[in-house]
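Each remark here refers to the structure printed beneath this line.
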Amino acid sequence: MIKLENISKEYGGKNLFSNFSAEFEEHRVSCILGASGVGKTTLINFLAGLVTPDSGRINFSSDTPLRASYVFQEPRLLPWYNVHDNLDLILRNARPLSNGKKVNRQKLYTKEERAKLIKQQLRLVGLEDYEFSAISELSGGMIQRVALCRAFLYPADILLLDEPFKGQDTRLKEELYETFFRSYENDSMRRTVLFVTHDISEALRLSDAIYVLSGRPAGIAGKFERREFDEDTENKIKALI
Amino acid sequence: MTASTTNRSNSKMKGEKANLSRPAFAIWRRRVLVVILWTAVWEIMYHIIGRDIYFPSPLSTVQTFFALITEKATWSTIAYSAYRTLFALCASVLLGILFGIVCGLSRTMYNIFNPLVVVLKSTPVVSVIIIAIIWFHSTYVPVFSGFLMCFPIVFTGTVAGIRNTDPKLIEMCRFYKVGRFDTLRSLYLRSSVPYINASVVSAIGICWKAVAAAEVLSMPVFSIGAKLYFAKTYLDPASLFAWTFIIILLSYFFETIYAKVSGYDKTGKYQ
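Keeping their order, the protein sequence lines are chains A and B.
Here the numbering used here is used: the first sequence runs in plain steps of one and ends on residue 241.
Here the numbering used here is used: the second sequence runs in plain steps of one and ends on residue 512.
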């Protein structure tokens, strides 16, 4: 279980979170849904360690600190490198997870291991022919798929996604969902996924549980489990946002 | 059918070649017209002034230029001056990039070194040359002067490049715990390349000017600067113009070589 306890955060005099608490179950896809500016990105940035709360605690069920991978709103790939080099860059200093979830502190990936992992991941999502293509030669959808590959390649317990499908047309979104599902189902690390969106249909399509974030300071206005999803769920969520 | 397809593709290729050569021809035609225009202005100026001793004609300058480049001694002079310029440039580029990286990444180091760079930027080249004449042997004066004139340019360009690195990419590298050396090489240096290239190209022109000026005052054996000095002493403006033209050509040659080697184009894009 990932627990956020009594988290408070102020931004520019605005009280974004005040004694905020939430729990996210491990090894499944949880979605944080809410309107723009409510604090969704800040919430996952607490877990990523990119933003520090003013007060409060973040607890994980494991003893060791969790390692996270992240799909940012923008792909954040190095434009002067090709697909392979972009993926290789984050693996060079990464320590593989071994014995279940324990981090092997001694070992780094060898060059051959990195090359094999990259090939496997690209083959999984149908990008193997683009391994040595420059980023500038790829379409917007392909670039975002490479960003998804990078996040799944990085050895981590938790995957954070910050509106990774935003601004894509319906066809490209479908391609990206496909990439996400294939990578998630074949993920040997069985990582916990926490993703942020303001798109209700996307949340219903991808997640096992939806947490609706609203208000100022923000709080969890409602939680919906996949087994409870029905025709009326969308309207219920809309009423809460 | 195959033959006709081949013919068609051949004719298409010829058409593409013709299309490619047309803009290239237009560019060259424009360049030639510009040269003709400025030569005409020069010729008119020459006739208005009417005295060779003040202002040589284009014809006499070209004649002197061709007379010079057929002499063996000219090439030795050019080689020595080019060697000094290259030495000054390499030193300023290497140290400028090194200090630029350190100061771009550390605000404290920038605060320590920047006042020195500001002083260097504002110091008249002649002051640098005179102090160098006091300190060094004549052959090192142009190298020292060229270095001091170019170092601040490369330093400033590198600092700007490092500081303008996309913060989102920096955050990505930090998040994925990319090693320091990899972050420096793959992110900071690569994103600074357009800034460094632009500053090096500026430095090449300035280095030639500084080296020539220092050579005029320090008079090392085999130097273009010494030839410029003799042209002044013997009241030979055609020779002065011809040697100046040689410096311009050498500067252009250095810039072109650098652009080819580094893949730099004037828009600052990667090639």
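Ideal placement from N, C-alpha and C gives every residue a C-beta, glycine not left out.
For clarity, every value in this text was computed on a predicted model and none was experimentally measured.
- Apart from the 5 residues on each side of it in sequence, B/F463 sits with its Cβ closer than 7 Å to the Cβ of S317, T318 and Y321 in its chain, given in chain order.
- For A/S18, the enclosing beta strand (DSSP E) begins and ends at K14 to F24.
- Under the three-state reduction of DSSP output, A/N86 falls in the helix class.
- For B/A483, there is no enclosing beta strand (DSSP E); the residue is part of the alpha helix (DSSP H) that begins and ends at P478 to S503.
- Interface flag for B/E412 against chain A is set, since a Cβ pair is found closer than 8 Å.
- For A/F224, the three-state secondary structure derived from DSSP is strand.
- The DSSP-derived three-state label of A/I2 is strand.
- Short of 8 Å from the beta carbon of A/E128, and not among the five residues preceding or following it, lie these beta carbons of its own chain, in chain order: K119 and L122.
- Around the beta carbon of B/G341, 16 or more other beta carbons sit within 10 angstroms, so the residue counts as buried.
- Taking 8 Å as the threshold, the shortest C-beta distance from A/A115 to chain B does not fall below it.
- Taking the beta carbon of B/R404 as reference, no residue of chain A falls within 8 Å; the closest one sits roughly 18 Å away.
- Using a Cβ-Cβ cut-off of 8 Å, B/R431 counts as an interface residue toward chain A, since at least one Cβ of chain A sits closer than that to its own.
- Pairing A/D208 with A/T197, the inter-Cα distance amounts to about 14 Å.
- Within the stretch 163 to 202 of chain A, the complete alpha helix (DSSP H) segments of 4 residues or longer fall at 170 to 185, listed in chain order.
- Counting only Cβ-Cβ distances below 9 Å, A/R92 has contacts in chain B at V419, G420 and D423, in chain order.
- For B/N352, the enclosing alpha helix (DSSP H) starts and ends at R348 to S363.
- In this structure, the straight-line span from the alpha carbon of B/Y470 to that of B/K450 is close to 14 Å.
- Under DSSP, B/A401 takes part in no beta bridge, so it has no partner.
- Taking 9 Å as the cut-off between beta carbons, the residues of the stretch 153 to 185 of chain A near chain B are Y154, in sequence order.
- Interface annotation, B/S503: not in contact with chain A, CB-CB separation never under 8 Å.
- For A/I135, there is no enclosing alpha helix (DSSP H), as DSSP gives it neither H nor E.
- Taking each of A/N19, A/R171 and A/L77 in turn and checking the Cα distance to A/D54, the smallest one comes out for A/N19.
- Note on B/Y295: under 16 other CB atoms within 10 angstroms of its CB, so exposed under the neighbour-count rule.
- Residues of the stretch 43 to 58 of chain A that bring their beta carbon within less than 9 Å of a beta carbon in chain B comprise A48, G49 and L50, in sequence order.
- According to DSSP, A/I158 shares a beta bridge with A/A68 and A/T192.
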